[in-house]
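Asker: A single structure is presented below for examination.
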Amino acid sequence: MELTPETCRIVIDALNQTSEALFITDTAGIIVYANPGFERLTGYPLQETLGKNAGILKSGEHSDEFYADMWTTIKTGKEWTGRFINKRKDGKKSIDETHISPVRNMKGELSYFLAIRRDITRETALEEQLIQNQKMEALGLLAGQLSHDFNNLLTIIIGSMELVMEEIPKESTSMKLAQGILKTSQESANLIKQLLIFARRQEAEPRLVNLNDIITETKVLMDRLLGVNIKMEYDLAPDLAKVNMTPEQFKQVLMNLVINAKDAMPSGGVIKVRTFNQSTSKGSAPEMKAGDYAAIEVSDTGPGIPPETRERIFEPFFTTKPKGKGTGLGLSTVYGIIKQHKGDIIVESKSGMGAAFTIRLPKVS
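Numbering of the sequence shown is given in this note's numbering, commencing with residue -19 and proceeding in unit increments.
This is the structure:
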């Protein structure tokens, strides 16, 4: 097909008006053409893009082997499809689904590469959220079934030991052993109780409350538990929306989060409890349904949470604490309580910049 000036103009117009980010590089990776969609995706003005190497988009998230594999594929004349984590001009990262096609000249020589990119950051976040929710639901079902079975066994053991102890001399060795068995059984029953909360199979008695009131009630207890090395700060919204919540369970949530923050700062630091109202529209936040919420944020100035730990932080029995220092049920209990009350909880953390747990509970009109 002969390319006339009119045909070329039509092609250029089409490329400039497509919503996809599209750019062409030479065989050395130098950008020779980019459309407005590329500017929207990357934040780089077109005048700053031409003549630059496509490596300006590198985020540091991929290995040298990743890029080597891509270049080997396209330089042999094959198409390549995959996902990049790229860095925009403003420093923010995006996940781009990319398709690269080799372009040959009239002699059949490899001359250029055509790259088409689509921002799938939001879709990826939704996908990860769905996978995480399914994983936690499966864990909840397993934990709930096992907890009920063990709870029945422990009820029999505790009841039997209490009866047996009535027949044992108080100062005997047998009494000391029986007391140890009873104590261990009761501690195990408490762990089962927390598992049932995680599985959302323990009865809740929610009522209309202002979470600020519960936080205020708990202030004195928290301050005494945390010691002199930890400073507590509060920023409570005076117009915080009311929610349906079981007060005692919210106190447990708050205490678990605060103690977890304290344990992350053995040398001391600051823990801040903040409340605020939040409204979201459909699609504005992948992890939230559209609606009005009362939000509670518990943040600390600790070392932060590594990404590999953050992915598992709400799993029951998962803990980074030394053996004997924690059961791994604190955050899974928090997760279960919040989900039972139709809320959401997310964690944000950067290395060396602390962590923030944000709970959102639906506003009750």
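Cβ atoms here follow ideal geometry from the backbone N, Cα and C, with glycine treated the same way.
(1) Run the CB neighbour count on Ser152, radius 10 Å, all protein chains shown included, and call it buried at 16 or more, exposed below.
(2) Look up Lys330 in the DSSP assignment and say whether it is helix, strand or coil.
(3) For Ile276 versus Val327, is the C-beta spacing smaller than 8 Å?
(4) When DSSP labels each residue in this structure, what does Asn224 get in the three-state scheme?
(5) Identify which residue in Thr196, Asp76, Ile251 and Met235 has its Cα closest to the Cα of Glu213.
(6) For Lys32, tell me which candidate among Ser39, Leu90, Phe46 and Thr5 has the shortest Cα-Cα distance.
(7) Say whether chain C places a C-beta atom closer than 8 Å to the C-beta of Ile239.
(8) By Cβ distance, which residues of its chain are closer than 7 Å to Trp60, with the 5 residues on each side in sequence left out?
(9) Val83: buried (16+ other C-beta within 10 angstroms of its C-beta) or exposed?
(10) Is the number of C-beta pairs between the region 147 to 161 and the region 184 to 192 that are closer than 8 Å three or more?
(11) How close, in whole Å, do the beta carbons of Lys343 and Asp272 come, if the pair is a contact with beta carbons under 8 Å?
(12) As a quick exercise: from Ser331, Ile339 and Gly332, pick the residue whose alpha carbon is nearest that of Gln320.
(13) To the nearest angstrom, how far is the alpha carbon of Asn236 from that of Gly71?
(14) Bridge partners for Trp60 per DSSP, in chain order?
(15) Expressed to the nearest angstrom, what Euclidean distance is found between the alpha-carbon atoms of Glu41 and Gly139?
(16) Does the Cβ-Cβ distance between Met145 and Ser165 come in under 8 Å?
(17) For Lys303 and Ser39, I'd like the C-alpha separation in whole angstroms.
(18) I'd like to check one pair, Leu90 with Thr7: are the Cβ atoms closer than 8 Å?
(19) For Asn132, which residues from the same chain have a beta carbon less than 8 Å from its beta carbon, with the 5 sequence-adjacent residues on both sides left out?
(20) Distance, Cα to Cα, Glu103 vs Glu0?
(21) Look up Arg97 in the DSSP assignment and give the residues it is bridged to.
(22) Out of Leu94, Gly35 and Asn66, state which residue places its alpha-carbon closest to the alpha-carbon of Lys58.
(23) May I ask you to report which of helix, strand or coil DSSP gives Ser312?
(24) Just grab the DSSP bridge partners of Arg340 for me.
(25) Could you tell me the alpha carbon to alpha carbon distance between Asn240 and Ser279, rounded to whole angstroms?
(26) Using three-state DSSP, classify Val253 as helix, strand or coil.
(27) Give the DSSP-derived three-state secondary structure of Ile293 in the structure shown.
(28) Since I believe Val238 is in contact with Ile195 (beta carbons under 8 Å), could you give me their beta-carbon distance rounded to a whole number of angstroms?
(29) What does a CB cutoff of less than 8 Å around Ile11 pick up in its chain, not counting 5 residues either side in sequence?
Answerer: According to the structure data:
(1) exposed
(2) coil
(3) no
(4) strand
(5) Ile251
(6) Thr5
(7) Checking the listed chains, one finds no chain C in this structure; it contains a single protein chain.
(8) Met50, Thr53, Ile54 and Ile80
(9) exposed
(10) no
(11) 4 Å
(12) Ile339
(13) 35 Å
(14) Ile80
(15) 57 Å
(16) no
(17) With a pLDDT of only 49 at Lys303, under the threshold of 50, the placement of this residue in the model should not be trusted; the figure read from the coordinates follows. Each residue's alpha carbon lies about 37 Å from the other.
(18) yes
(19) none
(20) 16 Å
(21) Ala1 and Thr78
(22) Leu94
(23) helix
(24) Ala275 and Asp324
(25) 10 Å
(26) strand
(27) coil
(28) So it is not a contact: roughly 10 Å between Cβ atoms.
(29) Phe3, Ile4, Thr5, Thr29, Leu30, Gly31, Lys32, Asn33 and Ala34
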